[in-house]
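Novice: Questions regarding the structure given below will be posed in turn.
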Amino acid sequence: MTEYDVQSIEKKWQQYWKEHQVYKTSIDLSKPKYYALDMFPYPSGAGLHVGHPLGYIASDIVSRYKRLKGYNVLHPMGFDAFGLPAEQYAIDTGQHPAITTEKNIRRYKEQLENIGFSYDWSQEIQTSAPAYYRWTQWIFLQLFDSWYDRKTDKAVPIKELIDIFVKEGNASVQAVCDEDTPVFTAEAWQQMPEQEQQQLLLKYRLTYIDDVVVNWCPAMGTVLANDEVKDGFSERGGYPVERKKMKQWMMRITAYADRLLEGLEKIDWTESLKDMQRHWIGKSNGCELDFAVQDSDITLTAFTTRPDTIFGVTYLTLAPEHELIDALTTSGQKNEVDAYVQVAKNRSERDRMADVKTVSGVFTGHYAINPISREAIPIWVADYVLAGYGTGVVMGVPSSDDRDFRFARHFGLPIVTVIEGTETLEDPTVKKHGKMIHSGFINGMESTEAIQAVVEKAEALGVGKPKINYKMRDAVFSRQRYWGEPVPVYFKEGLPYPLPETALPLELPAIDEYKPTESGEPPLGRATDWKYQNQYSYELTTMPGWAGSNWYHFRYMDAHNDEAFVSKRAQSYWENVDLYIGGTEHATGHLLYSRFWTKFLYDRGLVTVDEPYKKLINQGMIQGRSNFVYRLAKDGVYISKSFSDRISRGEDIIFLQKEYRSQLNRELNNPKLIVNDIYVDINLVKDDVLNIEAFKQWKPDAADAEFLLENGKYICGSEVEKMSKSKYNVVNPDDVIEQYGADTLRLYEMFLGPLEQFKPWNTNGIDGVFKFLRKLWRLFHDEAGNFTVSDEPPSGEALKVIHRTIKKAQEDIENYSFNTSVSSFMICVNELTAMPCNNRQVLTDLVLIISPYAPHIAEELWHKLGNQDSIVHAVFPSYDEQYLIESVYEYPVSVNGKMRAKMKFALDMPKDDIEKQVLASEQIQKWTEGKPPKRVIVVPQKIVNIVI
RNA sequence: GCGGAUGUGGCGAAAUUGGUAGACGCACUAGACUUAGGAUCUAGCGCCGCAAGGUGUGUGGGUUCGAGUCCCUCCAUCCGCACCA
């Protein structure tokens, strides 16, 4: 082998690593641990594209680096194998989703192996494997078996709750539970029939069944979690979603709202991601105030964060879904209110969001009494009030809330200003804090002070109390789907009971079809004998996609354990993830739920950490670049880009008519120009020029089509967007590897720019990276291609170069700045080539520091250098400061801040001497025109600045 | 509307505490070697200018001997949230 033969080198070492199990990891108490994790992929039918490995490459570089630094590194990979596409495919073809999934996983693994990752495949997991989901079910049972005690602020076994009930009822219990939980005594509890007891316990359990309004997606036949719905459409598939009340399994994540919030302080995530979670949790501190309704015994409770503005309340508003609306409507207003409520209810979530600006509402005819000022205010119904947040009742303060302001102005309701300085303003809501006015006993107080005073007063009068609200809801945990984890419960007299642990895993039954049943039940309704002990029905829904990924970070530590979800020993050694890399799209889904489950497991003493991921990096997506062809709708003629551009600019069609005559020898058929943009496979396009022959073969119905060219070429349109099969813009890493090799792909993806940044895939610079590897190879080989390194002592210059690069490589990896590292390798190789230097010690260091990025070529050179064992077991070289210190330094000299000259000085020369020497220089005299300087600033090793 | 970011050559991008802006790579130009080259090597390459020089990090201002970097204003783009009381 004389030249750098990528393919054989890479295949050889991938084979070697596999055979020697080089990356197999086990607990080693003699070494510090490091856990680097990637967000595992869902194995889709389209295979990996070049965007997927971006984060994987980064974490692989860190893993390899940490190994060389003496850490025991856990770097696993697995598959998020439950999911909709496989199920959809099953519905369409009748093939069991497990088969599709298995096939896709095999392809993914093959692709991953081609890139040369240092995964320990012995710890691979698949969430759809019964041996795995057995433990997902087991954790579900632990949640079912727990309640949240506010006194100790942690999850506790339900048995302890029962003990309390037996002894003292529930009056003293401070638990997170359903709002409608009644108070009962020990006696009452003891006399309750078992069924009623179970019913009550469900109100406390951390997983429970409830009738809730859910996001129902009719097209998919399932419910979706809030974070799976975007703008009224499903995140996956983009189908419309409606609100519907259904019986569902729920996760009481709200119990952890505060701890999920506080925990953010101690983890190293980006501020923007933490903010997303904070907003999602949406904690707001405020109070509830009771408004008595005039001529009625009804009291309406409103939630507010600004009780200080109580004297500015001029009306009360209810959500259209509020259950007391009927009782609160006078006969005179009944028709109007009914009509309004009807319209508001029928409006889809999406419509309601679409026109936020439109003000609408209706007066009920009743009045309420302000609990503090005792004034009577009208009660309205308006759809800007949400039933799901707070109490569904809002106290309208037009002078300090802009929605209330808009509403009041629209309906001519009075506006009372309560903040000093807002009285004369056109829009008083712009100033939200200040001294209180027109506000009775709180006049003159600052808002913050007034808030406190009003709450105290309300409490004293018995008309209010402090209250904390969260936007976050309990998570819906049911999916009306087949391809997910079965819920490990059975039903007896309508109530759920947990399966005993010995019955786990509860495996998915075989069914003949994967669609919902005719009666609208989930697919599991088709299973025969889907019963516990042949008599009690199992649950028909399955768990959502995120169930398995909530805790997978623990399973990798001990993937084959069938005694526990993870052994204590393994978990306490590996603790949690040191570096987690993945996309930002999971901000309020996976990343939140996973924290929730980890905290729960911690509470129950099952793990030793209460956060799953210490450090999180969100890698930016690599987007694709799609190409389009433009087809005239009626004529069927494909027109080149500039024609389409002119049509879309609305220019006249004479130009097109002319092209028709000259190129096609006929007139335009259809003067109404409708242009269809059609995606075209990017492999048929080079530099936006379409290969027409290839296109005709690819799209048979275009075989006889005519093309209108510009300058003899057909130019395609382009757009940067997400890579997807349907856009024909997917770049397969295998193709890149075939052409350039895995090392080039790895280096190039890092070289492309900062990891966090979004960027389109383009191969413009990939040659440069490839050339770099070839130059590296040539450093070790003479012109005949023979391996040759010298054992002469290295030159000082070479040592400087290599030590500088070692330092840079180390710092860059530790700062996750991979792109600049690649540049510094290039500089290093260029300089060593120019010297030239083929010293063994220098080259050995070079190979080592490059090895995390380009492991294949590094391994090859490592062995050529005479090493027997894999480079993985080597030690990262350390740099020596003495080689980095220059003895002479070139100072830029500036006059009045303007760079004028460069002068060399000995590094250890005192500042005064430098100053003297500079001022004595003839050249500088010229610049300063001989004037004596006001100041001379010498910044050691930076600059000399003369101010005149 | 609110929150978070980001604006630097033809392009991807660098730039420790404020200290020679544009490292490195691509593209481009010229040259060398070659039967050839989509190979390799050498040199050049922000903009204006023959040059000296001037000018230059989205806009306008400020602090400083000195600002891509710090402070204020505005503009643009991207992401997230969105009637949350």
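Using our numbering, read the first sequence as starting at 26 and increasing by one per residue. We put the CB at the ideal spot given by N, CA and C, even for glycine. Nothing here was measured: the structure is a model prediction, and the numbers come from that model.
Measuring alpha carbon to alpha carbon, tell me which of Tyr158, Phe843, Phe430 ends up nearest Ser385.
Specialist: When only C-alpha atoms are compared, the closest one is Phe430.
Novice: Applying the 10 Å Cβ sphere with the 16-neighbour rule, what's the burial state of Glu448?
Specialist: Classification of Glu448: exposed, given that the 10 Å Cβ count is below 16.
Novice: Would you report the Cα separation of Asp578 and Ser619, rounded to the nearest angstrom?
Specialist: Per the sequence presented here, residue 578 reads as His, with Asp not at that position. Computed Cα separation, rounded: 9 Å.
Novice: Can you tell me whether Ser356 is helix, strand or coil according to DSSP?
Specialist: Here Ser356 sits in helix by DSSP.
Novice: Could you tell me whether the region 156 to 165 touches the region 197 to 211, using the rule of 3 or more Cβ pairs below 8 Å?
Specialist: No, the region 156 to 165 is not in contact with the region 197 to 211.
Novice: Taking all protein chains shown into account, do 16 or more other C-beta atoms lie within 10 angstroms of the C-beta of Phe680, making it buried, or fewer, making it exposed?
Specialist: Per the 10 Å Cβ criterion, exposed.
Novice: At 4 residues or longer, and completely inside the region 291 to 346: list those alpha helix (DSSP H) runs for me, N to C.
Specialist: Fully enclosed alpha helix (DSSP H) runs of 4 or longer: 296 to 306.
Novice: If you draw a straight line from the alpha carbon of Val419 to that of Glu267, how long is it in whole angstroms?
Specialist: Roughly 25 Å between the two C-alpha positions.
Novice: Short of 8 Å in beta carbon distance, which residues of its chain neighbour Val913, apart from the five on each side in sequence? Order them along the chain.
Specialist: Contacts found: Lys929, Phe930, Ala931, Leu932.
Novice: Less than 6 Å between C-beta atoms, sequence neighbours within five positions excluded: which residues of the same chain meet that for Ala834?
Specialist: Counting only Cβ-Cβ distances below 6 Å, and skipping sequence neighbours, we find Ser846, Ile874.
Novice: Are there 16 or more other CB atoms within 10 angstroms of the CB of Ala767, so buried, or fewer, so exposed?
Specialist: Result: buried.
Novice: Since Leu698 and Leu657 should fall inside the 8 Å C-beta cutoff, what is the C-beta to C-beta distance between them, to a whole number of angstroms?
Specialist: Between Leu657 and Leu698 the Cβ distance is about 7 Å, and since that is below 8 Å, they are a contact.
Novice: DSSP three-state call for Met26: helix, strand or coil?
Specialist: Below a pLDDT of 50, predicted positions are generally treated as unreliable, and Met26, at 42, falls in that range; no measurement from the model is reported.
Novice: Under the assumption that Gln302 contacts Leu289 (Cβ atoms under 8 Å), give the Cβ distance between them as a whole number of angstroms.
Specialist: Correct: roughly 6 Å between the Cβ atoms.
Novice: For Phe388, which beta-bridge partners are listed by DSSP?
Specialist: Answer is Trp405.
Novice: Which residues in the same chain have their Cβ closer than 6 Å to the Cβ of Ile493, if we skip the five residues on either side of it in sequence?
Specialist: The answer, listed in chain order, is Asn310.
Novice: Using DSSP with H/G/I as helix, E/B as strand and the rest coil, what is Met851?
Specialist: Correct three-state label for Met851: helix.
Novice: Go ahead and label Ala535 buried or exposed: buried means 16 or more other beta carbons lie within 10 angstroms of its beta carbon, across all protein chains shown.
Specialist: Ala535 comes out exposed.
Novice: List the endpoints of the continuous alpha helix (DSSP H) containing Glu676.
Specialist: Careful: Glu676 lies outside any alpha helix (DSSP H) and carries neither H nor E.
Novice: Tell me the residue span of the alpha helix (DSSP H) that contains Asp760.
Specialist: Where Asp760 is concerned, the enclosing alpha helix (DSSP H) stretches over 758 to 765.
Novice: With distances taken from CA atoms, which of Ala244, Tyr229, Leu549, Gly307 is nearest Met275?
Specialist: Checking every option, the nearest Cα to that of Met275 belongs to Tyr229.
Novice: When the Cα atoms are used, what is the spatial distance from His77 to Asn844?
Specialist: For His77 and Asn844, the distance between alpha carbons rounds to 17 Å.
Novice: In the DSSP assignment, find the unbroken beta strand (DSSP E) run with Arg656 in it and report its ends.
Specialist: Element bounds for Arg656: 647 to 657.
Novice: According to DSSP, is Ala500 helix, strand or coil?
Specialist: Correct three-state label for Ala500: strand.
Novice: Roughly how many angstroms lie between the CA atoms of Met271 and Thr567, to the nearest whole one?
Specialist: Going from the Cα of Met271 to the Cα of Thr567 covers about 15 Å.
Novice: Distance check for Ile34 and Met26, CA to CA, integer angstroms please.
Specialist: Note that Met26 scores 42 on pLDDT, short of 50, meaning its location in the model is unreliable and no value can be drawn from it.
Novice: Report yes if the CB atom of Gly645 is closer than 8 Å to the CB atom of Lys752, and no otherwise.
Specialist: Result no, Cβ atoms of Gly645 and Lys752 do not sit closer than 8 Å.
Novice: Less than 8 Å between the beta carbons of Tyr133 and Gly72, yes or no?
Specialist: Against a cut-off of 8 Å, the Cβ pair of Gly72 and Tyr133 comes out as a contact.
Novice: Kindly indicate which three-state DSSP category Ser472 falls into: helix, strand or coil?
Specialist: Ser472 falls in the helix class under three-state DSSP.
Novice: Examine the Cβ distances between the region 915 to 922 and the region 880 to 891 and report whether three or more of them are shorter than 8 Å.
Specialist: Because the criterion of three Cβ pairs below 8 Å is not met, the region 915 to 922 and the region 880 to 891 do not touch.
Novice: Out of Gly630, Pro637, His881, Ile476, which has the shortest C-alpha to C-alpha gap to Asn139?
Specialist: With distances taken between Cα atoms, Asn139 lies closest to His881.
Novice: Please confirm if the region 172 to 191 is in contact with the region 109 to 123, defined as three or more CB-CB distances below 8 Å between the two stretches.
Specialist: Judged by Cβ distances under 8 Å, the region 172 to 191 makes no contact with the region 109 to 123, as fewer than three pairs qualify.
Novice: Please report the Cβ distance between Glu564 and Gln162, rounded to the nearest whole angstrom; I am assuming they are in contact, meaning their Cβ atoms lie under 8 Å.
Specialist: That pair is no contact at about 11 Å.
Novice: Tell me which same chain residues have a C-beta within less than 6 Å of the C-beta of Lys738, skipping the five on either side of it?
Specialist: Excluding sequence neighbours, Lys738 sits near Val714.
Novice: Are Gln866 and Pro819 closer than 8 Å when you measure CB to CB?
Specialist: Yes, Cβ-Cβ distance for Gln866 and Pro819 is below 8 Å.
Novice: Just to confirm the assignment, what range does the alpha helix (DSSP H) spanning Asp792 have?
Specialist: Start and end: 791 to 804.
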